[in-house]
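Protein chains in written order, with this note's numbering: chain A, 1 to 535; chain P, 1001 to 1279; chain H, 2001 to 2309.
Positions of the beta carbon are idealized from the N, C-alpha and C atoms, including for glycine.
Predicted, not measured: the structure shown is a model, and the values here were computed from it.
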Amino acid sequence: MPDLFKGYDAGAAYDEMFDATSLREPYRRLVESLQHLSRADLVNRLETLQNSYLDQGVTFDIGGEERAFPLDVLPRVIELDTWATIEAGVQQRVRALESFLADVYDAGQVFNDGVIPRGVVTTSAHFHREAAGVRPPNGVRIHVAGIDLVRDEQGEFRVLEDNVRVPSGVSYVMTNRRAIASTLPEPFADHRVRPVAGYPQRLLGALRAAAPAGVADPTVVVLTPGVHNGAYYEHALLARTMGVELVEGRDLQCRRGRVMMRTTHGLEPVHVIYRRVDDEFLDPVHFRGDSMLGCPGLIDAARAGQVTLANAVGNGVADDKLVYTYVPDLIRYHLGEEPILRNVDTWRLGDAAAREEVMDRLHELVVKPVDGSGGKGIVIGPQASPGELDDLRSKVLADPRAWIAQPVVQLSTVPTFVDGHLGPRHVDLRPFAVNDGQRVWVLPGGLTRVALAEGELIVNSSRGGGSKDTWVLAGMSTTSPRREEHNVPASVAPAPSAGPAMDDLTSDAEEQQHQQQQQHQGRHEARAGAGGPAC
Amino acid sequence: MQLRLVHTTGFQYGGQALASYNQARMTPQTGPGQIVVHTRLAVDPTPWTDDYRDYFGNEVTAFEVLDPHSAMTVTAVSTVHTDRQPAPDPALDWADLAGPEVADRWTEFLALPHLVAPPEELAARAASLARIHGRPGEAARALCSFVHDEVEYVAGSTDAATAAVEAWQQRAGVCQDMAHLVLGGLRTMGIPARYVSGYLHPLEDAVVGETVQGESHAWIEWWDDGWHAYDPTNDLEPRDRWVVVATGRDYLDVRPLHGIYSGSATSSMFVRVDITRLA
Amino acid sequence: MLSRIAESMFWIGRYVERAEDTARILDVQTQLLIEDTIGDRETACRNLLSIMGVQPPEDRTVDVEAVLELLAYDATESASVAAVLGAARESARRARETLSVAMWEALNTTHRSVSTGHFRTMGRSASFRWVRDRAALINGAADATMTRDEGWQFLVLGRSLERADMTSRLVSTAAFTSGVGSPWTSTLRACGGHEAFLRTYNGLETERGAAEFLLLDRLFPRSVVFALNRAEQCLDNLEAGQRAGFQNEAHRMIGRTRADLEYRPLTDVLTDLPAEMERLQNTCTWATEAITSRFFAGSEGTNWLGGRV
């Protein structure tokens, strides 16, 4: 057991590396490969990593301040079997939500069949009636999904939240991988980690597949709110790695129901917009009239089938926290399957019976606003003061539909290098899924977010969380992975020409003179011997 | 009755508008009680248009004008044949309203958005009417009459953004306000109700061939095992002089013309409706 | 390419060139002003400001310090080197994802020296030299790392237009201070062309020769004709080839001005040098407007009225 892990106290939660004191199988190889790394070594490597992130500008905006994205040096390892369950569960979830959205913005059969009350959906702030009648060309509304998972006390992965509007974070998955591969090259080489660099190509393929009918070579763009947006780095990275234009609202214009891009050659058509602008800001005709981030006419163009918006407008009703409580039923209704990944137990406080059960237990539970994001508004009962709990109680009674309650899930922990030593910190996992209409592809790994403060359960980066590189192993083999044999050249290639200056530098000056003299002599001799015997 | 309607509306800009994107809900549809013989929407300056049906089933024409213009005029010309039967007697009782077949199905027409939210006094009156009358249909009728008696029709006393509570305060308003007030009361009673926009031939004995200046009119419908129409402004059940154009939760869902424009800082809207009885 | 990005590239080219050339002009002029013990310093300073397109302040005396504030250090004055470097960096920030890392970093670190006040503390000639060095770094990074696509053409177009404009101002300043010392020598030195000039004119330095060199020489990269030629080349590359005439208004304007300079007798031009130089500057302004409306139209955001808020 390397020095690093001495004195590691796993704590009450499910620790992913240690089962009480014994090491769990997936981490065996990692620990072995870290044998020769001292604490000082690790500190050094971590510093280099952080500096490189700052130089590259891999940052996240917190309250207007740009900080380097905090990446922990120790990767999280997920073995193949566990991952297979996660992958299947995420795919199932996305498929069910796709069917749900298609129904809810069309016939609404799911209401007639009593699976979910219509009122739950129609009172959601994200139910956009403007999107009714917009039929995506290949039926896909959730081109990119981020399904947040947590691992409970028994080590089972459960779904905490669905994100199907504008999920972000995938750029950090890719930059983290590059950073860790160069920071811990030896351990990385010892494992067969499934790569993540293929994400942009997958996304591009899915976006192209979603193009309006009859377009042979679709123009795809990434629509960003601009440099002031906290996730701008990701928008720019994705545009660059997909090889598509990064546009802002003002670069676009809708003409005759088509979306055009202002270029130096005039207006050029745009067919698919991977938009990282929220619904409310997307189209001043139908939504916020003061928005400078969108382009008027986008919704009508989408309805006319001339442009595809990815993700579709109105997806927010599927990741509404209240609808979340119905998703297991939706999986059964739309797919006829049992949920592979379970929800976290949830009470809907709009429900009188649920309220009765939990109102005097608020101090034991986690209470979340239905319309919150980024961890805002969440009250963790055991950590709240009596004043905060009273405040919460009155808020809930004033608008019960707006709140849900869940038991405090002890998120699993993974050893994290904080303040010079390793300690258990709570983590969650956000796998990303790309739907191209034929299949839902899940990026191997995803973003592991870690709460850097000891005991802290909220992992969002906007609340001071960090992340870890996530390794999904491609099957365990006992020997070191065999590197691919490359063809070895048969002979040495010709060297590039040296030039006169190089000759002067590399040859000995004396030798030069000697050679000159020899040449000189040679000439003399030749001349001397010129009058030799004729033939 | 066969009616010909010419609805002209538009914007006058102080200066020039450079570009505008608009949505028009001025196209009547064939439905219970009316058949649309012919309908056409024309816009000046000539734009690109696209027609679609919105969430509430209304016909919408989306159009854009991308050349500089100082005024934009939209004219809807329709010929509609109306034949409304007198409404059936109230069918449902209060218990029926509470069940999911009604309350969940029409949940959107039970909501109380800003324009519709009733003043306390009206809500109280609605509650007492609900106690008095054995059937929702009867209570609804009574509420309409109550609002008609309480609020005086005064043209120009309110504008399109006026909420029900404001109109109630001054006990004056136009058809839009009467409709909002009644909706607030009905929904408070648990009766799903919706806003209807359309046209009304103002003369009871409409003369064939005579063109009169009508109005863009608003009334309501409540749910009683079917949509039951009533006009609180005139305290009458809509018959053949009424033509339906659009329905929704409140005025915002049925606006005849709205949109955005860039350029000139000011705009004013004009409206004119000419109605002719053809048969 | 996106109009917005093309516009950024054009202005980066112009701003960087403007900063460099302003520094060159200031380098020469401040030296001359200090050495000049007989002439009217105030008038000379005011003349310099006028030539640079800055309205000299009426209410106070204008000395060398004031000139430096207005043209070099004050970041709130739009003609100052400080402001121009800031504008260059701002243009780059808007197009950041299309610039190479080297270029962005060069522009960003240059601006940081200004914004942190370091630029001001360098001392006069050192700061002017620093600006020239930074410009060389930025242009070198662009040269080495930018694909020769449209973005590159717009960058060089902006740089060339600005250079023609700035050289005309440089020539004006030499003409104005012709009473004292050898302004032409200093001017030639300022554009790094003194040695080239001497080689070309066989060591014979005359006012006429210097003016000819700076205005008409086809091979010296800082001459007006060279710059205009380069600008025309860029416009040519940006438009699809045309068999007759010029579709682009800017192309026509620049071509005519260049032809005008080249084909008229030099004596004519020298007779009223200041007026000629002003005409040149106007051409550059009009050409910029024509380029903007042709290529960058509509790239500013629109304010929409009448919607739901």
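- From the beta-carbon of I1260 of chain P, the residues of chain H found nearer than 8 Å are W2304, L2305, G2306, G2307.
- Apart from sequence neighbours up to five positions away, the residues of its chain that approach R29 of chain A with a beta-carbon distance below 7 Å are D190, H191, ordered along the chain.
- In the same chain as Q1085 of chain P, and ignoring 5 residues on each side of it, the C-beta atoms closer than 8 Å to its own belong to G1033, in chain order.
- Nearest Cα to A1123 of chain P within the set P:E1138, P:R1025, P:T1009, P:F1146: P:F1146.
- Neighbourhood of R240 of chain A in chain H, by CB distance below 8 Å: E2097, in chain order.
- A distance below 6 Å between beta-carbons, with the five flanking residues on each side excluded, links R76 of chain A to the following residues of its chain, in chain order: V414, T448, K468, T470.
- Taking a C-beta distance under 7 Å as the contact criterion, P137 of chain A and A197 of chain A do not qualify as a contact pair.
- At a Cβ-Cβ threshold of 7 Å, I142 of chain A and N460 of chain A do not count as neighbours.
- Taking the C-beta atoms as reference points, Y1021 of chain P is found nearer than 7 Å to P296 of chain A.
- Look at E1108 of chain P: its C-beta is under 7 Å from a C-beta on chain A.
- S1267 of chain P reaches chain H at L2305, G2306, counting residues in chain order whose Cβ is nearer than 9 Å.
- Looking at the backbone, the Cα of Y233 of chain A and that of H426 of chain A are separated by about 26 Å.
- It is roughly 12 Å from the alpha-carbon of Q1170 of chain P to the alpha-carbon of A1163 of chain P.
- Taking CB atoms only, D279 of chain A has no neighbour in chain H less than 7 Å away.
- If you look at P1045 of chain P, you'll find it isn't in any alpha helix (DSSP H); DSSP assigns it neither H nor E.
- Nearest to L349 of chain A by alpha-carbon distance, out of A:A501, A:R342, A:D329, A:V358, is A:V358.
- The region 2029 to 2039 of chain H and the region 2089 to 2097 of chain H do not touch, with fewer than three beta-carbon pairs separated by less than 8 Å.
- Under the DSSP definition of a beta bridge, F157 of chain A partners with A:R151.
- Against A352 of chain A, chain H offers no close residue; the least beta-carbon distance is about 35 Å (beta-carbon pairs closer than 8 Å).
- Residues V1212 of the same chain have their beta carbon placed closer than 7 Å to that of L1203 of chain P, with the five preceding and five following residues left out of the count.
- When rounded, the separation of the alpha-carbon atoms in I2025 of chain H and A2190 of chain H is 7 Å.
- Listed along chain H are L2002, each with a C-beta nearer than 7 Å to that of E245 of chain A.
- In the structure shown, the three-state DSSP call for W2304 of chain H is coil.
- Around G297 of chain A, no beta-carbon contact reaches into chain H at under 8 Å, the shortest distance being about 11 Å.
- Residue pairing by DSSP places Y1153 of chain P opposite P:G1173 in a beta bridge.
- The C-beta distance from Y1230 of chain P to R1141 of chain P rounds to 7 Å, short enough to fall under 8 Å.
- The residue among P:S1264, P:T1276, P:H1069 with its C-alpha nearest the C-alpha of L2305 of chain H is P:S1264.
- Between A2135 of chain H and A2019 of chain H, the beta carbon gap of about 6 Å places them in contact (Cβ cut-off 8 Å).
- Beta-bridge annotation (DSSP): P26 of chain A is not paired with any residue.
- In this structure the region 151 to 167 of chain A touches the region 340 to 347 of chain A; the number of beta carbon pairs closer than 8 Å is three or more.
- The beta carbon of L2099 of chain H is closer than 7 Å to those of A2092 in its chain, skipping five residues each way along the sequence.
- Between the region 384 to 400 of chain A and the region 3 to 21 of chain A there are fewer than three inter-stretch CB-CB distances shorter than 8 Å, so the stretches are not counted as touching.
- Across the set A:G305, A:E47, A:P225, the C-alpha of A:G305 shows the shortest separation from the C-alpha of V270 of chain A.
- Selection H:S2186, H:L2235, H:H2118, H:S2168 evaluated against E2035 of chain H yields H:S2186 as nearest (Cα-Cα).
- Contact annotation: E2232 of chain H and A2290 of chain H have beta-carbon atoms that are not nearer than 7 Å.
- Take G108 of chain A, set aside five residues on each side of it, and the residues of its chain with a beta-carbon closer than 8 Å to its own are R118, in chain order.
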